[in-house]
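Asker: The following block contains the structure, expressed as structure tokens.
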Amino acid sequence: MEFEFYLSSAITLFATIRTITNTNPVHGLLYLIVSLIAVAMIFFIIGAPFVGALEIVVYAGTIMVLFMFVIMMLNLGKDVVKQEQQWTAPDLWLGPGLLSLALLLQLLYAISTGGFHTAAGITNIDVHQVSTTLYGAYLLCVELASLLLLAALVAAYHLGRTTENE
Amino acid sequence: MNTLTYANIFTIGIAMLKAIIILIATVAGAGLLSWIERRVLGWWQDRYGPNRVGPFGIFQFGADMIKLFFKEDWTPPFADVFIFWLAPVIGMSALLFTMAVVPITPEWGITDSQVGLLFFLAMAGVAVYAVLFAGWASNSKYALLGGLRSAAQTLSYEVFMGIALMGVVMLANSFSLYTIIEAQKDGWFIVPQFLGFCAFVVAGVAVAHRSPFDLPEAEQELAAGFHTEYAGIKWAMFFVGEYVGVILVSALTVILFFGGWQEPALLGYKLWPDFLPVYPFIWFALKTSIFIMLFILIRAALPRPRYDQIMDAGWKFFLPLSLANLLITAAVILLQQPVAGGA
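Chains A and B supply the protein sequences, listed in that same order.
Quick note, the first sequence lines up with residues 114 to 279 if you use my numbering.
Quick note, the second sequence lines up with residues 380 to 722 if you use my numbering.
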């Protein structure tokens, strides 16, 4: 299991870095999809197959398809690659790089001072546990999230309606 | 923890051998299906179909394969080469992976995943990229439009496909396909889940890009749609992938609504007398073949609808239908529970 974990983690890190550094939008998107699938693999390995499957269904299978859809509609050409190269000039990396470094140090500190899970401590979380928690302790959050989605739905309907008959 | 004894190695070897046999059988079945489909279509449409190569033309598939292997493997100079190559690989492998969770008989299946059904939905979602990437990487108008259509169509139909299957999940109380089959011991889910079945079959046809939902490759409007620029073995991978989709959706229909490998049973009554022998594989193969034939018959019988009609049908008819099915199923299950369920 440990080998698979490190392999998936390495793929995730590499794919994520390539997502950011790639100048071609579709290639970047492809790396992002690979990264998401690798994260789903990690979920499978640490004993959360339900979350892993949902990660692929929702992120890789739906949201990224919409991204791809938009990129195809925009009909991007070589100009975009040039523009992307200008926007990712080396001196622009400094600010975000420093901020990320601060976050990384924080993460390393948190990992080093406990909260460390060994492989033996991993239990398999099945669908029933996830759903009873969601619809028990976190019912209010689920309802709030659905309200948010309803608002998005109403907004999408408003933007997409035809005004011919009015 | 995991010591490799000879017994372990033997078990692993058997499991791998089974997986390889299932893989080869699926691909071979998909290839053979291309011949069966053309023969049956010819029969239904009162013409011959391929009947020259070998007895009844059964070697037609071999001849086609030889032709496709030796055809010039042309990559357009204006294409994005890497993604152009990647697309057919995704198209063929994504649905083939799903065969890993398909239970053929109690002993013959690669793995019993507790999220088997979700795995299918996930792989169906990934399979969209084959068409999308092919459409984008070809860098041609027809391919691009085909890819766009496919993305919109598949997304719309996957939404209610997932919802339609949740009724089955609620009845079986599990996402595992083995548990779902076991739950149909006393009655197939086709009866309580008839609406879900209708929605799933329609969505399955759409996800496999089969006629009448083959708008991404509508010849009259889009040349050959997303695979206009493809030739040779890369095109063959799309082609075989489509038939793998047909086999997979048929097998899943059987597993989810018709009891999988089990003998007929209806509403608690066994329709197959106990003294008759039971062959799980025969039942599974027979039921799956019926649905494969249904797929082909649909192609022979129905014309292709307009694109906006397909989207309308998906969002305005099938989505509410599956939601209603979900609500009714949940209500009936709650009413039938003997004890008032607490949290």
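For each residue, glycine too, the CB sits at the ideal point set by N, CA and C.
Nothing here was measured: the structure is a model prediction, and the numbers come from that model.
Can you check whether the C-beta of I130(A) is within less than 8 angstroms of a C-beta belonging to chain B?
Answerer: Locating residue 130(A) in the first sequence gives position 17, counting from the first residue. Not closer than 8 angstroms to any Cβ of chain B, the Cβ of I130(A) fails to qualify, so no.
Asker: Could you have a look at Q572(B) and say whether DSSP puts it in helix, strand or coil?
Answerer: Taking the first residue of the second sequence as 1, we reach residue 572(B) at position 193. In this structure, Q572(B) counts as coil in the three-state DSSP scheme.
Asker: Which residues in the same chain as L544(B) place their Cβ atom closer than 8 angstroms to its Cβ, once the five residues preceding and following it in sequence are excluded?
Answerer: Position 165 of the second sequence holds residue 544(B). Counting only Cβ-Cβ distances below 8 angstroms, and skipping sequence neighbours, we find L496, L500, G575, F579 and L635.
Asker: Between F568(B) and chain A, is the shortest Cβ-Cβ distance under 8 angstroms, so that the two count as touching?
Answerer: Numbered from 1 along the second sequence, position 189 holds the residue referred to as residue 568(B). Output row for F568(B): interface = no.
Asker: Could you check the C-alpha separation between D459(B) and A503(B) for me, to the nearest Å?
Answerer: The count along the second sequence starts at 1 and reaches residue 459(B) at position 80. The count along the second sequence starts at 1 and reaches residue 503(B) at position 124. If I take the Cα positions, the gap works out to 24 angstroms.
Asker: Would a check of beta-carbon distances place W515(B) closer than 8 angstroms to chain A?
Answerer: The residue given as residue 515(B) occupies position 136 in the second sequence. Taking Cβ atoms only, chain A reaches closer than 8 angstroms to W515(B), which makes this a yes.
Asker: Report the start-end ranges of each beta strand (DSSP E) in the stretch 400-457 of chain B that is 3 residues or longer and not cut off at the edges.
Answerer: Considered as a whole, the stretch 400-457 of chain B harbours no complete run of any beta strand (DSSP E) with no fewer than 3 residues.
Asker: Under 9 angstroms Cβ-Cβ, which residues of chain A neighbour I462(B)?
Answerer: Numbered from its first residue, the second sequence carries residue 462(B) at position 83. Correct list: V139, H140 and L143.
Asker: With a threshold of 16 other CB atoms inside 10 Å of the CB of L214(A), please say whether the residue is buried or exposed.
Answerer: Position 101 of the first sequence, counting from 1, holds the residue named residue 214(A). When all chains shown are included, L214(A) counts as exposed.
Asker: Which residues in the same chain have their Cβ closer than 7 angstroms to the Cβ of L465(B), if we skip the five residues on either side of it in sequence?
Answerer: Translated into positions along the second sequence, residue 465(B) becomes position 86. Same-chain partners within the cutoff: F512.
Asker: Within its chain, find whatever has a CB closer than 7 angstroms to the CB of Q439(B); leave out the 5 residues flanking it on each side and keep chain order.
Answerer: Taking the first residue of the second sequence as position 1, residue 439(B) is located at position 60. Within the same chain, Q439(B) has close Cβ partners W414, P429 and V432.
Asker: Could you list which residues in chain B have their beta carbon closer than 8 angstroms to that of D294(A), in chain order?
Answerer: Only positions 114 to 279 of chain A appear in this structure, which leaves residue 294(A) out of reach.
Asker: Could you tell me which of A679(B), L627(B) and L550(B) sits nearest to I712(B), measuring between CA atoms?
Answerer: Residue mapping note: residue 712(B) aligns to position 333 of the second sequence, counting from 1. Comparing Cα positions, the closest option is L550(B).
Asker: Give me the residue from I462(B), L556(B) and I437(B) with the minimum Cα distance to T477(B).
Answerer: Looking up residue 477(B) in the second sequence gives position 98. For the residues I462(B), L556(B) and I437(B), the minimum Cα distance to T477(B) belongs to L556(B).
Asker: Specify, as a first and last residue, the run of the alpha helix (DSSP H) that A704(B) falls within.
Answerer: The count along the second sequence starts at 1 and reaches residue 704(B) at position 325. The displayed chain sequence assigns Asn, not Ala, to residue 704(B). Taken as a continuous stretch (DSSP letters only), the alpha helix (DSSP H) holding N704(B) covers L698 to Q715.
Asker: For the stretch 179-219 of chain A, which segments carrying the alpha helix (DSSP H) assignment without a break, of at least 4 residues, lie completely within its bounds, in sequence order?
Answerer: 191-200
Asker: So with Cβ pairs under 8 angstroms, would you call M154(A) a contact of chain B?
Answerer: Against the first sequence, residue 154(A) aligns to sequence position 41. Chain B, which has no Cβ nearer than 8 angstroms to the Cβ of M154(A), makes this no.
Asker: Helix, strand or coil: how does DSSP classify E561(B) here?
Answerer: The residue given as residue 561(B) occupies position 182 in the second sequence. E561(B): helix per DSSP, three-state reduction.
Asker: Assign E416(B) to buried or exposed, taking buried as 16 or more other Cβ atoms, counted over all protein chains shown, within 10 Å of its Cβ.
Answerer: Here residue 416(B) refers to the residue found at position 37 when the second sequence is read from its first residue. So E416(B) counts as buried.
Asker: Do T490(B) and A473(B) have their beta-carbon atoms positioned less than 8 angstroms apart in this structure?
Answerer: Reading the second sequence from its first residue, position 94 is the one you call residue 473(B). Reading the second sequence from its first residue, position 111 is the one you call residue 490(B). Not closer than 8 angstroms, so no.
Asker: Identify which residue in P485(B), A386(B), A409(B) and S517(B) has its Cα closest to the Cα of A610(B).
Answerer: Walking along the second sequence from the start, residue 610(B) turns up at place 231. That would be S517(B), whose Cα lies nearest to the Cα of A610(B).
Asker: Mapping the DSSP letters down to three states, classify K491(B) as helix, strand or coil.
Answerer: By one-based count along the second sequence, residue 491(B) stands at place 112. At residue 491(B) the sequence reads Asp, which differs from the Lys that was named. Reduced to three states, the DSSP call for D491(B) is coil.
Asker: Would you call the stretch 664-683 of chain B in contact with the stretch 531-539 of chain B, where contact means no fewer than 3 C-beta pairs closer than 8 angstroms?
Answerer: no
Asker: Put M380(B) into one of helix, strand or coil per three-state DSSP.
Answerer: On the second sequence, position 1 is the one that residue 380(B) refers to. Note that M380(B) has pLDDT 45, beneath the 50 cutoff, so the model's placement of it is unreliable and no number is given.
Asker: For my contact list, I626(B) and T384(B) are in at a C-beta cut-off of 8 angstroms; report their separation, rounded to the angstrom.
Answerer: Residue 626(B) sits at position 247 when you count from the first residue of the second sequence. Residue 384(B) sits at position 5 when you count from the first residue of the second sequence. With 8 angstroms as the limit, I626(B) and T384(B) do not qualify as a contact, their Cβ atoms being about 37 angstroms apart.
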